[in-house]
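To convert, take the position in the sequence shown, counting from 1, and add 472; that gives the numbering used here. Every residue, glycine too, gets a C-beta built ideally from N, C-alpha and C. Let me begin by presenting the structure, written as structure tokens, before commenting on it.
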Amino acid sequence: MSYQPVFAQFWEKVKESIQNGTYAKLTLAKTIGDTELKNIYVRPVLNDDIFSLSITARYKTEEVESFHTIDETFIILAPFMNNPFLTALLFTTENDITFKLNKKRVGSIVEQAPTFKNASDVILEMKAKGISI
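This is the structure we're talking about:
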């Protein structure tokens, strides 16, 4: 069974959290073995009141940042699941949502109590300015 449909469900929760104004941050973590790429962080950005997502890929020796739409971000992140990452963590003000791949590479979504009390500063700024995506 493929994990992609479950990751697509997880991504819907990411989009909902941005639209609801509860998004705090998103991290891809827990690599398979010792890899060059250590983490990927996704945070919202406003440039001239235009919303995009910043993807920061943290390698052993450098960080690379790029900016994308929500849909582009999904296309960029999806191939990193299972190679090299086994976990994607979405932090919202309502709950923490974790997408995990087990040893058989079956995906699951787990929800826990929230780590963050406040949404991302950019999300709060968007709410204040009445900007929606």
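Between residue i and the rest of its own chain, which residues show a CB-CB distance below 6 Å, the 5 nearest in sequence each way excluded?
| i | result |
| --- | --- |
| MET553 | PHE479 |
| LEU558 | LYS502, LEU573 |
| THR570 | LEU561, VAL582 |
Once the 5 residues before and after residue i are set aside, which same chain residues still bring their CB inside 7 Å of it?
| i | result |
| --- | --- |
| SER592 | TYR495, ALA496, LYS497, ARG515, PRO516 |
| THR545 | VAL514, LEU525, ILE527 |
| LEU518 | VAL594, GLU597, MET598 |
| ILE436 | This structure cannot settle anything about residue 436, because the visible part of the chain is limited to 473 through 605. |
Considering only DSSP beta bridges, list what residue i is partnered with.
| i | result |
| --- | --- |
| LYS497 | PHE563 |
| GLU583 | ILE569 |
| ASN492 | ASN492 is not bridged to any residue. |
Between which two residues does the alpha helix (DSSP H) holding residue i run?
| i | result |
| --- | --- |
| THR545 | 542-549 |
| LYS601 | 593-601 |
| ILE522 | No alpha helix (DSSP H) contains ILE522, which is instead part of the beta strand (DSSP E) from 522-531. |
| LYS575 | Premise fails: LYS575 is in no alpha helix (DSSP H) and is neither H nor E. |
Could you tell me the boundaries of the beta strand (DSSP E) in which residue i lies?
| i | result |
| --- | --- |
| ASN590 | Neither: ASN590 is in no beta strand (DSSP E) and is coded neither H nor E. |
| PRO556 | Premise fails: PRO556 is in no beta strand (DSSP E) and is neither H nor E. |
| ILE512 | 509-519 |
For residue i, which residues of its own chain have a beta-carbon under 8 Å away from its beta-carbon, when the five flanking residues on both sides are left out?
| i | result |
| --- | --- |
| LYS589 | THR565 |
Are the C-beta atoms of residue i and some chain D residue less than 8 Å apart?
| i | result |
| --- | --- |
| GLN481 | Absent from the structure is chain D; it holds one protein chain and no more. |
Legend entry - Cβ contact check for the stretch 537-545 and the stretch 592-602: 3 or more pairs under 8 Å: The stretch 537-545 vs the stretch 592-602: no contact.
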